[in-house]
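In my numbering, the protein residues as written are 35 to 178. Beta carbons are placed, not taken as given, at the ideal position from N, Cα and C, and that holds for glycine. A quick note: this is a predicted structure, and the numbers were derived from the prediction, not measured. For reference, the structure is listed below as structure tokens.
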């Protein structure tokens, strides 16, 4: 196995990070499914794209597809513990874009559509980039 692949997949984190990874992955996957498929009360891809265009994120369809895919597929990757660092990197990027383009102007608190929730998910994603997938993950199994 190459050094790069071993570095990406390795983890020394314990079971706590595994719990955090799975719950965060389910959260991201649910949000992504709202954007892509309209599940869980979401608007679906076409309406999400239209909304993104309306707030100046264009091309809306491409950006909605990228954001929804990062959240849905990145979330699933976190849940199963496979390629967690690359998935977490895409999720961190998605949260940074959400903070800057949607939530920052509303302040910190989520009740006013602020950035606290996106920040929390972004920090968890950054933590997963640093720590890896945890003891109970496919990444750990593959890298050992």
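When the distance is taken between beta carbons, is residue 109 closer than 8 Å to residue 59?
A contact, by the Cβ cut-off of 8 Å.
Is the stretch 110 to 117 in contact with the stretch 43 to 58, if contact means three or more CB pairs nearer than 8 Å?
Output reads yes: the stretch 43 to 58 touches the stretch 110 to 117.
Below 8 Å on the Cβ atoms is my guess for residue 104 versus residue 133; work out the distance and round it to an integer in Å.
Not a contact, Cβ separation roughly 14 Å.
Is it buried or exposed for residue 89, if we count other Cβ within 10 angstroms and need 16 for buried?
Exposed is the call here.
Pull up the CB-CB distance for residue 126 and residue 159, whole angstroms please, since I reckon it's below 8 Å.
Yes, residue 126 and residue 159 are in contact; Cβ-Cβ is about 4 Å, under 8 Å.
Which residue from 130, 131, 145, 149 puts its Cα closest to that of residue 139?
Closest by alpha carbon: 149.
Environment of residue 122 [buried if 16+ CB atoms lie within 10 Å]
By the neighbour-count definition (other C-beta atoms within 10 Å, threshold 16), residue 122 is a buried residue.
Length-filtered (4 minimum) alpha helix (DSSP H) runs lying within the stretch 51 to 93
Those alpha helix (DSSP H) runs which fall completely within the stretch 51 to 93 and span 4+ residues are 78 to 88.
Residue from 144, 135, 111 with nearest C-alpha to residue 66:
For the residues 144, 135, 111, the minimum Cα distance to residue 66 belongs to 111.
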